[in-house]
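Taking it in order: structure first as structure tokens, then the write-up.
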Amino acid sequence: MTASKERIFEYTHPAAGWGALISVGRHLRHSRAPISNVRALLRLNQPDGFDCPGCAWGDPEHASSFEFCENGVKAVTWETTAKRVTPRFFKRWSVSEMKTWDDYRLEDQGRLTSPMRYNPESDHYETISWEDACQLVADRLAALDHPDQALFYTSGKACNESAWVFQLLARLYGTNNLPDCSNMCHEASGTGLDESLGIGKGSVLLEDFERAEAIFTFGQNPGTNHPRMLGTLREAADNGCQIVAFNTLKERGLERFADPQRKLEMATGGSGRISSLYLCPALGGDMAAIRGMAKVVFERDDRDGNVIDHDFIKQHTDGFEAWRAVVEATPWAAIEAQSGLARDEITRAAEVYIQSNATICAWAMGITQHEHSVATVREIVNFLLLRGNIGKPGAGTCPVRGHSNVQGDRTMGIYEKPSTGFLDALEAFYGVPMPRKHGHDTVSAIRAMRDGQCRVFIGLGGNFARATSDSHVCEAALEQCDLTVHMSTKLNRSHLVTGRDALILPVIGRVEEDRRPDGRAQLITVEDSMSMVHGSAGIHKPASKQLRSEIAILTGIAQRLLGNAVVDWEALGDDYDRIREHIAAVVPGFEDFNARVRQERGFWLGNPGARREFPTDTGLARFSSEPLPDAVLHQQLARREGWLTLQTLRSHDQYNTTIYGYNDRYRGVEGTRQVIFLSARDMTRLGVAAGDWVNLIGASDDGIERRADGFRVVEYDTPDGCAAAYYPETNPLIPLDSVGIKSNTPNSKSVAIRLEKSQRLV
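Quick note: the sequence shown uses the numbering used here, first residue 1224, plus one each step.
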């Protein structure tokens, strides 16, 4: 789809509905294979089909015939396009020429078909055999001075089996350098939940949303990022559940939703509410808002009694009195100033919580990409513990993950800081020592490449150069490598940011058949946000006979690098059941893996918190008594004339770094991605008007110039001092060292910027 004429308009319709259906039709046509794509969609998220390559929202126990959303359609049609990127394409286009293309144009060229190697003399990628490609990777790894000079990066689309093989390859080679996309999104969730409850995963099942009396959502936009969640929230609201949304921007998906599966509603143009209360805190202000709600709960319990679940707190928690003292000592003036909300707004939200006997808290990256994100996640847990909302039906924690298996990859050991227990289990099963030194996460990996400490980068999916912060610094770091390797389905920017040597290795997609040497279909597995593990088997023929599965590529490299003394790599590559046998022997909860995953809907890994068991040092859930930050970024910048706090976010035609088009329907943007959303008062304060063109200038205290040029000003309902714009276009503005405390996640929702008038002509 080419960009339509640029247009800014007011969107007045509900989320989904006819707009979603029209979008679905447009993407089916654009794929050039609409009939086969419709066939694929009917098998999407079905027991006998394949798991959506998009988000990680759970599947219902009783599925309908259509278990997909607009985003799922985009993800499937993007992968099953009839377009192909062949060796002839690479012969025509140089890397330098392709660098001038935008992200949409790059991926819209179609599916990669053959392994390719970069030739710096010609500035073109050229064909290479699979044998030579795997041998080249093995030889370069073997030639390093130490295994810690290699990086093994994982995208959240990798299945459990490929993730297992990848981490096993890295650790038998001798390193824990396993950065992944979790480092850039939900690391704070895992860290905060682990510190508070002893396990870094959400505690609820999808069925808990049917039983909840209140649902609080923080910092998330399900209408764009995980639309199937809207159906769940709509059903909860229809059942009388009160939904309170805390989100900096007013997002249509959190306001009203028209379910395309409700025929009468579609016929009559009807819709239903999502949120019963919608509050817009300033960027970074959620912790203060939650602190304020807790303050109301304490006040009400002192006055009326029976508000706080003192029995639960006494039996299952510690640290309560210390946290209570901190809450009561926090003045309302500080809470209002930091949250950007009035006391009466916070009190209204607290009243919903007090009236509910079963409450779920769900959150996404609006919570996790700030400096104090871990403390905020722990404050959410504190809030739930107050009324015993952990370990009972309809209540608990729900970090809403992004890519379809980002949680499963971490379960499989994709982690730079593996636990002692996991390493001990690996050693016991494989009979060899495992590396114990912690490895690099995503941000420290960039530093290590920049400083010459890491010389080989291997990417299992993803688009590393576009996903990370400080884009120019990251690209320069990748270019310092001796070898960069990317296993991908489609062309992206990272393939053009080459080391001295570079490989593109094309892989079988989620929608495609993956067969054993004897012709029988292989099964892969994924884990969703609710810790449900289920199987996935593609149905289409691969886009090219040259494609290989991620597992075949990894086992091919491992066999050449490590030999078969410890692991029979060829056997693992030939039959994924053998991989699952290894997983079952090492990872708790995966006993009898092969049989259980073949049950309809798979199986639940469980969560001890759901049983009110907490594997912390004390065996109790732990209240955190962190004080509020002295001043979050929007408060700091209020003292600096002309500065704003920027959050980077997705458009509606986008999933992570994949750009499906140039429109953002719900925010009223068409034909462009170069926009910045500002409040009317900020526009007046900064001397700009709607439609003006500006450049975004970031912090340069470290001597690095950060800018993103040519953005159109769009008036939007956002708190004063808080702006928004799309990534990856604005990732160059985020300093590499601007990261969360404990999480080391880029502060993508707390970016200091100022504006300058642009010379762009309309």
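For glycine and all other residues, C-beta sits at the position ideal for the given N, C-alpha and C.
Cβ pair residue i, residue j closer than 8 Å
{"i": "PHE1761", "j": "GLU1735", "result": "Residue identity check: residue 1761 is Gly in the sequence provided, not Phe. Their beta carbons are under 8 Å apart, which means GLY1761 touches GLU1735 by this criterion."}
{"i": "THR1941", "j": "SER1902", "result": "yes"}
{"i": "ASP1705", "j": "ARG1363", "result": "yes"}
{"i": "VAL1720", "j": "ILE1681", "result": "no"}
{"i": "VAL1809", "j": "ALA1648", "result": "yes"}
{"i": "ILE1727", "j": "PRO1338", "result": "yes"}
{"i": "ARG1873", "j": "THR1300", "result": "no"}
{"i": "LEU1909", "j": "LEU1956", "result": "no"}
{"i": "PHE1313", "j": "HIS1347", "result": "yes"}
{"i": "THR1881", "j": "ASN1406", "result": "no"}
{"i": "GLY1796", "j": "ILE1774", "result": "yes"}
{"i": "ARG1475", "j": "TYR1878", "result": "no"}
{"i": "GLN1443", "j": "GLY1589", "result": "yes"}
{"i": "GLU1229", "j": "GLY1894", "result": "yes"}
{"i": "VAL1730", "j": "MET1710", "result": "yes"}
{"i": "GLY1333", "j": "THR1304", "result": "yes"}
{"i": "GLY1397", "j": "PRO1831", "result": "no"}
{"i": "HIS1539", "j": "LEU1843", "result": "yes"}
{"i": "GLY1614", "j": "VAL1855", "result": "no"}
{"i": "SER1848", "j": "TRP1916", "result": "no"}
{"i": "ASN1400", "j": "HIS1663", "result": "yes"}
{"i": "CYS1621", "j": "VAL1467", "result": "no"}
{"i": "GLY1636", "j": "TRP1387", "result": "yes"}
{"i": "VAL1696", "j": "ARG1723", "result": "no"}
{"i": "GLY1454", "j": "ASP1482", "result": "yes"}
{"i": "ALA1435", "j": "ILE1231", "result": "no"}
{"i": "GLN1561", "j": "ALA1279", "result": "no"}
Residue of the options minimising C-alpha distance to residue i
{"i": "PRO1740", "options": "SER1772, LEU1728, GLY1732, SER1752", "result": "SER1772"}
{"i": "PHE1375", "options": "PHE1389, ALA1912, THR1591", "result": "PHE1389"}
{"i": "LEU1959", "options": "ARG1929, ASN1383, GLU1938", "result": "ARG1929"}
{"i": "GLN1592", "options": "THR1868, TYR1396, ARG1475", "result": "THR1868"}
{"i": "ASP1527", "options": "TRP1555, ASP1403, ILE1577, TRP1546", "result": "ILE1577"}
{"i": "PHE1441", "options": "ILE1351, MET1452, MET1635, ALA1585", "result": "ALA1585"}
{"i": "ARG1935", "options": "LEU1909, ILE1927, ASP1943, PHE1900", "result": "PHE1900"}
{"i": "ARG1834", "options": "ILE1231, LEU1956, VAL1892, GLY1425", "result": "GLY1425"}
{"i": "LYS1518", "options": "GLY1415, VAL1550, ILE1613, SER1754", "result": "VAL1550"}
{"i": "ILE1776", "options": "GLN1358, LYS1228, PRO1310, ARG1659", "result": "GLN1358"}
{"i": "SER1352", "options": "PRO1310, ILE1245, ASN1529, ASN1580", "result": "PRO1310"}
{"i": "PRO1343", "options": "GLY1796, ASP1417, GLU1702, ALA1356", "result": "GLU1702"}
{"i": "ARG1659", "options": "TYR1638, GLN1858, PRO1283, THR1620", "result": "TYR1638"}
{"i": "GLN1897", "options": "ASP1325, ALA1279, THR1303", "result": "ASP1325"}
{"i": "TRP1555", "options": "ARG1547, GLY1617, ALA1572, MET1516", "result": "MET1516"}
{"i": "THR1377", "options": "LEU1395, ALA1361, LYS1322, GLY1685", "result": "GLY1685"}
{"i": "ALA1548", "options": "PHE1232, ILE1231, PRO1850", "result": "PRO1850"}
{"i": "ALA1946", "options": "VAL1937, GLU1836, SER1596", "result": "VAL1937"}
{"i": "PHE1645", "options": "ALA1557, ALA1807, VAL1530, GLY1493", "result": "ALA1807"}
Distance cut-off 7 Å: residue i Cβ against heavy atoms of the ligand PLP
{"i": "ARG1434", "result": "The ligand PLP is absent from the structure shown, which contains no ligands of any kind."}
Assumed close pair residue i, residue j - CB separation to whole angstroms, cut-off 8 Å
{"i": "GLU2021", "j": "ARG1733", "result": "The chain is shown from 1224 up to 1985; residue 2021 falls before or after that span and cannot be answered."}
{"i": "ILE1497", "j": "LEU1456", "result": "5 Å"}
{"i": "LEU1429", "j": "GLN1870", "result": "With 8 Å as the limit, LEU1429 and GLN1870 do not qualify as a contact, their Cβ atoms being about 28 Å apart."}
{"i": "ASN1628", "j": "ALA1381", "result": "6 Å"}
{"i": "GLY1933", "j": "VAL1974", "result": "Actually they do not touch by this definition, with Cβ atoms about 18 Å apart."}
{"i": "ASN1605", "j": "PHE1846", "result": "5 Å"}
{"i": "GLU1568", "j": "MET1510", "result": "About 16 Å; that fails the 8 Å criterion."}
{"i": "THR1336", "j": "ALA1766", "result": "7 Å"}
{"i": "GLY1611", "j": "ASP1532", "result": "4 Å"}
Beta-bridge pairing of residue i - partner residues as DSSP gives them
{"i": "ASP1403", "result": "THR1377"}
{"i": "VAL1749", "result": "HIS1757"}
{"i": "ALA1975", "result": "THR1868"}
{"i": "MET1510", "result": "Answer is none; MET1510 lacks a bridge partner."}
{"i": "GLU1639", "result": "Bridge partners of GLU1639: none, in fact."}
{"i": "MET1339", "result": "THR1350, ILE1727"}
{"i": "GLU1849", "result": "Answer is none; GLU1849 lacks a bridge partner."}
{"i": "ILE1466", "result": "ILE1438"}
Proximity test, Cβ basis, 8 Å: residue i and chain C
{"i": "PRO1504", "result": "Chain labels in this structure do not include chain C; a single protein chain is all it has."}
- Message: In chain order, what are the residue ranges of uninterrupted beta strand (DSSP E) at least 3 long that sit wholly in the segment 1862-1915?
- Response: Correct list: 1866-1872, 1898-1901.
- Message: Quick check for students: name the residue ranges of the beta strand (DSSP E) that lie wholly in the segment 1927-1967, counting only runs of 3 or more.
- Response: Along the length of the segment 1927-1967, whole beta strand (DSSP E) runs at least 3 residues long occupy 1930-1938, 1945-1949, reported in chain order.
- Identify every run of the alpha helix (DSSP H) within the segment 1649-1714, keeping only runs that are complete inside it and at least 4 residues long; order them along the chain. Scanning the segment 1649-1714 from its first residue to its last, the whole alpha helix (DSSP H) runs of 4-plus residues come out as 1665-1673, 1687-1690, 1694-1702.
- Fully enclosed by the segment 1531-1568, which alpha helix (DSSP H) runs are 4 residues long or longer? For the segment 1531-1568, the full-length alpha helix (DSSP H) segments reaching 4 residues or more read 1533-1539, 1543-1552, 1555-1562 along the chain.
- Only counting runs of 4 or more residues, tell me where the alpha helix (DSSP H) segments fall wholly within the segment 1754-1794, in order along the chain. With a minimum length of 4 residues, the continuous alpha helix (DSSP H) runs that stay inside the segment 1754-1794 are 1773-1785.
- For the segment 1273-1332, list the beta strand (DSSP E) runs that are entirely contained and at least 3 residues long, ordered along the chain. Fully enclosed beta strand (DSSP E) runs of 3 or longer: not present.
- Message: Ignoring anything shorter than 3 residues, give me the beta strand (DSSP E) runs that lie fully in the segment 1401-1442, in order along the chain.
- Response: Counting only runs of 3 or more, we get 1437-1441.
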